[in-house]
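In full-length UniProt numbering, the protein residues as written are 1 to 117.
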Amino acid sequence: MSVVSLLQRQVESRAQLICQQRNQSLPAELGKASYETIENGVVFIKQHFLLDSSHCDYMLPVAKVAWSEGKSSWELYLPDQSTLESWLPYPFLAQSSDLTAIMREIDKDPKSMFWED
């Protein structure tokens, strides 16, 4: 198994844990957390629900975590609000060799940049 696939499994398992913990403590009306797998990382998504609905109304990407082989570090991005098609480096922790630090930033959201509407 390659180093990249081990890192991919690691980031996916941590993303799953973050989403499970967020979803346990929040009602659906405030949005549910999910993630999608991408090459060398994950994209976190906030699912928005209408009141009294069990069906997702729309979804928005909130963060991207990707492994940079060239830098041997994890990179954290926010969606570009003007396009929602491109990503901008997260200004407070754009990269780290420590995946735990990156995931903690997404989970705790100290600057209210990921999970707040």
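Even glycine gets a Cβ: it sits at the ideal position worked out from N, Cα and C. Predicted, not measured: the structure shown is a model, and the values here were computed from it.
Check: Cα separation between M1 and L50?; Outcome: Residue confidence is low: M1 scores 48 on pLDDT, short of 50, so the model does not pin down where it sits. Its coordinate-derived value is still stated next. Those two C-alpha atoms are separated by around 43 Å.
Check: Unbroken beta strand (DSSP E) runs of length 3 or more, entirely within the segment 51-103: which are they?; Outcome: 56-68, 73-79 and 87-89
Check: Counting pairs of Cβ atoms below 8 Å between the segment 14-22 and the segment 78-87, do you hit three or more?; Outcome: no
Check: Between the segment 56-67 and the segment 33-42, can you find at least three pairs of beta-carbon atoms closer than 8 Å?; Outcome: yes
Check: Residues in the same chain with beta-carbon distance under 7 Å from L93, minus the five sequence neighbours each way, listed in chain order, please.; Outcome: L76, A101, I102 and E105
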